[in-house]
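*Asks:*
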Amino acid sequence: MAAVPRDPRADEYPMPSVPHGWYALLRSRQLPRGEVVPLHYFGRALIAFRGADGSPAVREAYCPHYGAHLGAGGKVVDGTVECPFHGWRFGADGRCTHAPFAVRPPKVSLGGFPVREHSGLIFAYTGPGAPAWEVPEIPEATSRQFARPIDDVNTARIHIQEMRENIVDESHFHFIHGQREPPVQDLVTDGPFAEVRGRIQRRVLRWDIDNTFDVFMYGPGVMVVRVHGALLSLTAVALTNPIDDRTSELRMLYHVRKPAGLPFLTPVLKLAFRTQAFGEVREEIGIWDHKIHRARPVLLPHEKGIKALRRWYAQFYRGT
């Protein structure tokens with residue numbers, strides 16, 4: 001599919017590339033104390049590091065003094081990030097705390113974002129003003145009843161809104177995921193939160209799967225899908241992050257529940273799920289890479305989810 005010529009219209013979207021909300025930019029384990037981690041999201045070079053108290057910070061990457069990238073050779077000194085070029089230091093709040101040979105630190109700061117850490121994830125908030133809502137904790141991330149997550153990261157040339165529309169695209173569940181027929185789903189919204197409930201009926205390897213699923217959406221960047229079944233129960237955390245105005249990241253964390261009384265079967269279940277799910281996700285990525293945005297898609301009578309989700313999603317562009 002990569003050999004298919006790319007139509008320039010595939011990079012055109014009528015909405016801003018960064019909807020307002022919380023985004024999980026990295027896992028907690030990816031940010032050890034004493035390290036500066038370079039990031040690139042929201043069309044900007046960023047850094048992440050932990051302050052003196054261990055709390056994470058996500059700030060702009062470029063030093064206001066002379067433009068050095070603090071993630072390229074910068075280091076953490078006493079809970080501040082030190083510029084590799086001239087030794088200026090900046091705290092977790094972004095303010096300059098030290099400049100060699102200066103009588104007092106210059107009154108300059110690194111731009112940054114409100115940050116939260118829980119559920120093994122580090123979230124950053126984009127939008128005007130202070131956050132008015134929070135992403136709730138995801139208990140499966142720390143529960144001993146669930147195995148360590150399967151971590152799968154992919155990028156696609158697509159807007160993150162269309163990544164999210166995937167969960168309410170009824171017909172694709174048959175053609176991509178082997179569902180016998182399009183599921184019946186109802187989208188229930190509550191401000192920046194939304195829920196979808198449905199059923200998965202399909203064959204996986206030699207098993208007939210008949211599972212219910214509950215989807216919880218927390219703004220534009222975080223979605224938690226809980227699948228309940230006799231053979232396999234899992235929680236999938238879908239994290240959609242804008243990299244720039246053309247490229248988005250999809251990070252999937254699959255938390256498989258350990259079978260009661262049969263924990264030794266967990267690796268088998270994880271392998272079976274990985275074998276099936278990874279291929280389907282990559283098939284979707286290949287399609288996303290080449291599709292264009294249809295502001296008015298031609299939908300069949302049973303395809304109600306996309307329009308409903310777009311109405312809910314529009315709130316995350318207000319005030320831009």
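Counting in full-length UniProt numbering, the sequence shown runs from 1 upward without gaps.
Every residue, glycine too, gets a C-beta built ideally from N, C-alpha and C.
Source: prediction; values computed, not measured.
1) Starting from the N-terminal side, write out each stretch of the beta strand (DSSP E) that is 3 residues or longer and does not extend beyond the segment 202–281.
2) With distances taken between CB atoms, is the gap from residue 24 to residue 115 smaller than 8 Å?
3) Nearest-angstrom Cα distance between residue 132 and residue 21?
4) Is the distance from the Cβ of residue 110 to the Cβ of residue 60 below 8 Å?
5) May I ask which residues mark the beginning and end of the beta strand (DSSP E) holding residue 57?
6) Could you compute how far the alpha carbon of residue 104 sits from the alpha carbon of residue 98?
7) Express the C-alpha separation of residue 304 and residue 257 in angstroms, rounding to a whole number.
8) Could you tell me if residue 188 is buried or exposed, where buried requires 16 or more neighbouring beta carbons within 10 angstroms of its beta carbon?
9) How is residue 82 classed by DSSP in three states: helix, strand or coil?
10) Check this for me: beta carbons of residue 252 and residue 159, under 8 Å apart or not?
11) Under DSSP, the beta strand (DSSP E) around residue 121 begins and ends at which residues?
12) Considering just the uninterrupted stretch of the beta strand (DSSP E) at residue 164, what are its terminal residues?
13) For residue 7, which residues does DSSP report across the bridge?
14) Report yes if the C-beta distance between residue 157 and residue 289 is below 8 Å; otherwise report no.
15) Whole angstroms are fine: how far does the CA of residue 194 sit from the CA of residue 264?
16) Could you tell me whether any non-hydrogen atom of the ligand PLP is closer than 7 Å to the CB of residue 270?
17) Quick one: what's got a C-beta closer than 7 Å to residue 270's C-beta in the same chain, skipping five residues either side?
18) Would you decide whether residue 162 is buried or exposed? Buried here means 16 or more other CB atoms lie within 10 Å of its CB.
19) When burial is assigned at 16 or more other CB atoms within 10 Å of the CB, is residue 119 buried or exposed?
20) Just to confirm my understanding: we take residue 226, look at its own chain, exclude 5 residues before and 5 after, and list those with CB closer than 6 Å. What are they?
21) How close, in whole Å, do the beta carbons of residue 287 and residue 155 come, if the pair is a contact with beta carbons under 8 Å?
22) Taking the DSSP output, what are the residues bridged to residue 151?
23) Please determine, among 10, 246 and 112, the residue with the shortest C-alpha to C-alpha distance to residue 46.
24) If you draw a straight line from the C-alpha of residue 259 to the C-alpha of residue 266, how long is it?
25) Excluding the 5 residues flanking residue 281 on each side, which residues of the same chain have their C-beta closer than 8 Å to its C-beta?
26) Apart from the five residues on each side of it in sequence, which residues of its chain come closer than 6 Å, Cβ to Cβ, to residue 94?
27) Starting from residue 21, trace the beta strand (DSSP E) both ways and give me its first and last residue.
28) Per DSSP, which residues does residue 189 bridge with? Please list them.
29) Hey, could you find the ends of the alpha helix (DSSP H) residue 307 is sitting in?
30) Here's the rule I'm using: 16 or more other beta-carbon atoms within 10 Å means buried, otherwise exposed. How should residue 122 be labelled?
31) Excluding five sequence neighbours on each side, which residues of the same chain lie with their C-beta closer than 7 Å to the C-beta of residue 7?
32) Answer yes or no: do residue 65 and residue 86 have a C-beta to C-beta separation smaller than 8 Å?
33) Can you give me the start and stop residues for the beta strand (DSSP E) that residue 98 sits inside?
*Replies:* Let me spell this out:
1) 207–218, 222–228, 234–242 and 248–256
2) no
3) 10 Å
4) yes
5) 56–60
6) 7 Å
7) 32 Å
8) exposed
9) strand
10) no
11) 121–126
12) Element bounds for residue 164: not the beta strand (DSSP E) but the alpha helix (DSSP H), 160–165.
13) According to DSSP, which records beta bridges pairwise, residue 7 is partnered with nothing at all.
14) yes
15) 36 Å
16) Among the ligands in the structure shown, none appear at all, so the ligand PLP cannot be discussed.
17) 147, 150 and 256
18) buried
19) buried
20) 214 and 235
21) Actually they do not touch by this definition, with Cβ atoms about 14 Å apart.
22) 253
23) 112
24) 7 Å
25) 152, 154, 250 and 252
26) 59, 109, 110 and 112
27) 21–27
28) 194
29) 305–313
30) buried
31) 292
32) yes
33) 96–98
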